[in-house]
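If you read the sequences in order, they're chains W and P. If you use my numbering, the first sequence corresponds to residues 1 to 372, in order. If you use my numbering, the second sequence corresponds to residues 1001 to 1372, in order. All C-beta atoms, glycine included, are put in the ideal place defined by N, C-alpha and C. Predicted, not measured: the structure shown is a model, and the values here were computed from it. Heads up: the structure comes next, in structure tokens.
Number of protein chains: 2
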Amino acid sequence: MQSLRPFELLAEDPTGARLGRMSTGHGTFSTPVFMPVGTKAAVKGLSTEEVRETGARIILANTYHLYLRPGVEVIKEAGGLHRFMNWSGPILTDSGGFQVFSLKGLNRIDEEGVTFSSHLDGTRCRLTPESAVEIQEALGSDIIMCLDECLPDGATREETEKSTALTGRWAARSKAARREDKALLFGIVQGGMYTDLRVRSALEMVETGFDGYAIGGLSVGESKDVMTEMTRAVTEVLPRESARYLMGVGTPADLVRSVEAGVDMFDCVMPTRNARNGMLFTKHGKLVIKNSRYERDMEPLDPECGCYTCSHYSRSYLRHLFMSREMLGARLNSIHNLFYYASLMESIRENIKARTFGRFKSAFLSGPMAGD
Amino acid sequence: MQSLRPFELLAEDPTGARLGRMSTGHGTFSTPVFMPVGTKAAVKGLSTEEVRETGARIILANTYHLYLRPGVEVIKEAGGLHRFMNWSGPILTDSGGFQVFSLKGLNRIDEEGVTFSSHLDGTRCRLTPESAVEIQEALGSDIIMCLDECLPDGATREETEKSTALTGRWAARSKAARREDKALLFGIVQGGMYTDLRVRSALEMVETGFDGYAIGGLSVGESKDVMTEMTRAVTEVLPRESARYLMGVGTPADLVRSVEAGVDMFDCVMPTRNARNGMLFTKHGKLVIKNSRYERDMEPLDPECGCYTCSHYSRSYLRHLFMSREMLGARLNSIHNLFYYASLMESIRENIKARTFGRFKSAFLSGPMAGD
């Protein structure tokens, strides 16, 4: 265990939004933070220098995918994930649980762990709370996640209760499985769409004690109100002095709402996946680049944006690349969307610091990006 | 017409290899030169800054593709191709002839021009020597190519003679069609695999008079010996003081052999296309990155290479990206291969300058990259 608390709470806005700083084995970052997703040890299409230039300071990589390919031994031999992928900043790795439960290769789940088939070649694989920690430690991750069971939206109360209890026992085993103290370990709060189960799960995680607390199993189809309600139910019982990470969320409006609900960390494929599909985030709303109105539009995506893409290329050129299926388009779009997300988080932090987050939030949620 | 000769012959090696400097409306470049291919106004996957960092100083773009998409009017509105694609250096555009004749959309060829169907939507299009010049001038190209007829390998002498004569008449019309004097205009020597027809075509082009001379219709399936024989037949009758451009060539060994045959300029999709397919050029020979021997190979592609890819990434990581179909792999591989080509041209120029090209060539053609 690290001797000092990894998370420092620097300020709280009257709304409940928090400004903080997280320290890891590969440097610090300010919160609230958004983490771009580099599933297979690469943020799709981007160099790590470009990722950093967008303003991102921590990235997420996927234990499930890296475990299957290239395999843990390869990354160990490379000297760890940071060296393998040429990223010197902090890396958070998920446990693999979400992929095991969502990629349809699931064979069996028991008290001990989970058996699944590789989506690559069907090989039967086994993941336990202990092996998930071991793998993430071997990858050299800075923030490692406990293995949890992920239930689909619509699970019954009984199913949810049973599953959440298992996630709690797995979390305790994850903590006991740690061999090194370099990485931070986060527990994951589950509990489905049941407020009392969410609270019970959160209290259980706090009882076990982790370096930070994630909220899993949200943004799976529930309404925005339910998502916020579940988030708030959890953050209200989590310790003030620990970081909270809302997994897989979300849209810009989701981020603003969830910051108000006391969340410090986020990850989502949305900015990069949407970029590849030609959907760009701007201060003036979403922009679908394939639209013919942009054919001769020589303005940048967002005239007020300072990203590399907006500094060098027109909507007309980006539309041309998209229509021509040129991969440079996916890359330039990804740079823009990640810059948008990083800038949004920076604005959020500045407003929390200035104690103006409430006003910022109201303006944002009545603006062109409110609809999601 | 420009008042000064665009090409300055700086040195000739006893072998016949030439060192020169070409001046264009967007700067100068040293020859022999290799031009990366940016078919659709993008070198696939790369930013123009990256292209420049590989050592490339001039790129090629494709009139046929840009004419169909995004269309000349869009690029004109953007202020020309340079601004559209954010490349401030010289651009050479081909005439579109090669694509018309190779993309299977050809409908009819007559004295006036060529009718073809767009490979995008089947629209019937018409290209004449005059319109090819007009389009390239509108794109703002620095070096524009005459429309020529391209014959497949295996054409009879009679077919070749007839076609080459047409290319000659089209070339004269191309010259007469020029409206601006900013761009340089290159004639294209054809003549198939018939030495006397090659010579006749070259003399005809010289008689008409161009800013430079291209050699077309080679590297279409003929043997390396025939290619060199045809190249030499042409360069021997072309004026010493004009640049010669061998179109669509080639492998590293092709470049070395053709420089000896008096060629100054080259373009080819090979370095970038092979990169996307995981084939890398190194001083020690070709490297196929998907090979399992590279799974745990933590060396760079070429330990002596100074490119961005070799400075930051291992074979192991590049193999992982290739196996995972991550587009970052195509990009990093392309950077490496273009750097290899640019470095090869730089070595060639240095050896011509030092009058050691003959030795360099012999060593190269008995080395690991000789086999192509």
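For M1022 of chain P, the three-state secondary structure derived from DSSP is strand. If you ignore the 5 residues before and after G1096 of chain P, its C-beta comes within less than 8 Å of the C-beta of N1062, T1063, Y1064, Y1067, L1127, A1132, I1135, L1147, all in its own chain and listed in chain order. In the DSSP assignment, the residues bridged to D1267 of chain P are P:M1035. Against chain W, the CB of E1295 of chain P has a partner CB under 8 Å away; the residue lies at that interface. Scanning P:T1039, P:G1122, P:T1123, P:R1273 for the CA closest to the CA of L321 of chain W turns up P:T1039.
One thing to note: E137 of chain W has its Cβ no nearer than 8 Å to the Cβ of A172 of chain W.
Proximity of chain P to E326 of chain W at the Cβ level (cut-off 7 Å) is accounted for by K1040, A1042, K1044, in chain order. N107 of chain W is bridged by DSSP to nothing; it lacks a bridge partner. Neighbours of Y1067 of chain P in chain W, taken as residues at a C-beta separation under 8 Å, are lacking, since the least C-beta distance is about 13 Å. If you check each beta-carbon in the stretch 1258-1274 of chain P against every beta-carbon of chain W, none falls closer than 8 Å. For A233 of chain W, the enclosing alpha helix (DSSP H) has its first and last residue at 224-235.
Taking C-beta atoms under 8 Å as the contact rule, H26 of chain W and D142 of chain W qualify, at a distance of about 5 Å.
From the beta-carbon of Y1064 of chain P, no residue of chain W is found nearer than 7 Å; the closest lies around 13 Å away. The criterion of a C-beta distance shorter than 8 Å is satisfied by N1333 of chain P and R1276 of chain P. For W1087 of chain P, the CB contacts under 7 Å within the same chain, skipping 5 residues up- and downstream, are T1048, I1059 in chain order. For E1053 of chain P, the secondary structure class from DSSP, reduced to helix, strand or coil, is helix.
The way I'd put it, the stretch 1184-1194 of chain P does touch the stretch 1207-1216 of chain P; three or more beta-carbon pairs between them come closer than 8 Å. Annotated three-state conformation of S117 of chain W is strand, per DSSP. Inter-segment contact for the stretch 1350-1359 of chain P and the stretch 1229-1245 of chain P is absent: fewer than three beta-carbon pairs are separated by less than 8 Å. Per DSSP, the beta-bridge partners of R1126 of chain P are P:T1115. Pairing P14 of chain W with G358 of chain W gives a Cβ-Cβ distance under 8 Å.
The continuous alpha helix (DSSP H) containing E1204 of chain P extends over residues 1195-1208.
E1111 of chain P is outside the set of residues whose beta carbon lies under 8 Å from a beta carbon in chain W. Contact annotation, T93 of chain W with M145 of chain W: C-beta distance approximately 7 Å; criterion of less than 8 Å satisfied. In terms of Cβ geometry, A253 of chain W and M369 of chain W form a close pair [threshold 8 Å].
C-alpha of E12 of chain W to C-alpha of L238 of chain W: approximately 15 Å in a straight line. The CB of P70 of chain W comes closer than 9 Å to the CB of E1295, R1296, S1316, Y1317, R1319, H1320, M1323, S1324 in chain P, given here in chain order.
Shown here, K1286 of chain P sits in a strand according to DSSP, grouped into three states.
When secondary structure is reduced to three states using DSSP, N62 of chain W falls in the strand class.
Non-local beta-carbon contacts of E304 of chain W in its own chain, meaning distances under 8 Å to residues more than five positions away in sequence, involve K283 in chain order. Exclusion of the five residues before and after G1140 of chain P leaves G1080, L1081, H1082 as the residues of its chain whose Cβ lies within less than 7 Å of its Cβ.
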